[in-house]
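For the sequence shown, the working numbering begins at 192 and goes up steadily by one. All C-beta atoms, glycine included, are put in the ideal place defined by N, C-alpha and C.
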Amino acid sequence: MKIRALGLLITFSLLASSCDEFTLGDLTSALTEEEVVAGLKEALNVGTDTAVFKGNALDGYFLNPKIKIPFPEEASIVKTVVESVPGGSLLV
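This is how it looks when you write it as structure tokens:
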């Protein structure tokens, strides 16, 4: 039983070490400019999709201070005037 376990351990060790050679061979080659550009475009697509998904969730914009643009203090007078007009509170 112990010999069988030792044999399996050696076999799996050899198989695992030979897999490293296959995966490391791909990592040593340099990327082309087209591959870099394609990778950057894909990263931008994934990032924008994730940002839109999170911002579009319920209160995803209003409760996230990282993306919510606060109302400027300089415009508070304009806001008060607009709110005083009938129906103006719906605009602000």
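Nearest to residue i (by Cα), restricted to the options the options
i           : options       : result
residue 259 : 274, 269, 246 : 246
CB-CB length for residue i against residue j, believed under 8 Å
i           : j           : result
residue 273 : residue 282 : 6 Å
Proximal residues to residue i (C-beta, below 6 Å), its chain only, five neighbours per side dropped
i           : result
residue 280 : 274
residue 227 : none
residue 267 : none
residue 263 : none
8 Å Cβ shell around residue i - same chain, five flanking residues per side excluded
i           : result
residue 158 : Because residue 158 is not part of the residues shown, which for the chain are 192 to 283, the question remains open.
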